[in-house]
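Report on the following structure.
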Amino acid sequence: MVDEVNYEVEWAYWIDINTFELIRLKKAIPLGSVVLTKIRGTTDKGVKFVETEYGIAEESGVRDVSKKEASKILANLALEYMKRNKQWPPDMTIKDSFKDGDIEILFAPSEYDSFNLKFTSELVNQKPIEFL
310 MVDEVNYEVE WAYWIDINTF ELIRLKKAIP LGSVVLTKIR GTTDKGVKFV
360 ETEYGIAEES GVRDVSKKEA SKILANLALE YMKRNKQWPP DMTIKDSFKD
410 GDIEILFAPS EYDSFNLKFT SELVNQKPIE FL
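Heads up, my numbering is the position in the sequence shown plus 309, with the first residue counted as 1.
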């Protein structure tokens, strides 16, 4: 069984599912990791920008996902991390709480990248605030 996948692009990072660190891609990515591929561009007026595409590392390669889907994957991985380590992953803070009891957590692994992770009672099998 393969436990990592090769991914060769000019500029990308992956989120380590065990530590939640953002790691610069060298060549291979562990399966299940969320991947952030950075693409440099220039507008018609000459303004430079960086666009981020998201993916998930699978045996067949890196599958493109939306940022919303990447956030759902990260919420599940964060839940596993919390259960395993009895603490929050790094770079996470409560962003908002809702009347229905759901909690939104901001995960900001870098100055330029952030994800809104929604913790619902369905996800944690209890009221999220009690779990957190």
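Each residue gets a CB set at the ideal place from its N, CA and C atoms; glycine is no exception.
*Find the nearest neighbour of Leu340 within the set Ile324, Asn434, Asp405 and Gly350, judged by alpha-carbon distance.*
Here the closest residue by C-alpha is Ile324.
*asked:* Residues in the same chain with beta-carbon distance under 6 Å from Asp373, minus the five sequence neighbours each way, listed in chain order, please.
replied: Once the five neighbours on either side are set aside, the close Cβ partners of Asp373 are Gly364.
_According to DSSP, is Ser342 part of a helix, a strand, or is it coil?_
Three-state result, Ser342: coil.
_With 16 other Cβ atoms within 10 Å as the buried cut-off, status of Ile326_ = Here Ile326 is buried: its Cβ has 16 or more other Cβ atoms, across all protein chains shown, within 10 Å.
_Assuming Thr361 and Thr346 are in contact, meaning their beta carbons sit under 8 Å apart, how far apart are those beta carbons, in whole angstroms?_
Confirmed, about 7 Å.
*Straight-line CA distance for Met391 to Lys354?*
Roughly 46 Å between the two C-alpha positions.
*Apart from the five residues just before and just after Met310, which ones in its own chain have a Cβ nearer than 6 Å to its Cβ?*
Unreliable positioning characterises Met310 in this predicted model, as indicated by a pLDDT of 49, which lies under 50. A coordinate reading is not provided.
_Tell me the residue span of the alpha helix (DSSP H) that contains Glu368._
No alpha helix (DSSP H) contains Glu368, which DSSP labels as neither H nor E.
_Bridge partner(s) assigned by DSSP for Phe329_ = Answer by DSSP bridge pairing: none, since Phe329 is not bridged.
*Which of the three DSSP states, helix, strand or coil, is assigned to Tyr363?*
Tyr363: strand per DSSP, three-state reduction.
*In this structure, does DSSP put Ser380 in helix, strand or coil?*
Note: Ser380 maps to helix in three-state DSSP.
_At the level of alpha carbons, what is the spacing between Glu378 and Ala417?_
Taking the straight line joining both Cα atoms gives about 16 Å.
*asked:* Out of Tyr421, Ile403, Leu441 and Leu432, which one is the CA nearest neighbour of Phe358?
replied: The shortest Cα separation from Phe358 among Tyr421, Ile403, Leu441 and Leu432 belongs to Tyr421.
_Rounding to the nearest angstrom, what Cα-Cα distance links Ser369 and Lys381 in this structure?_
So the two alpha carbons sit approximately 21 Å from each other.
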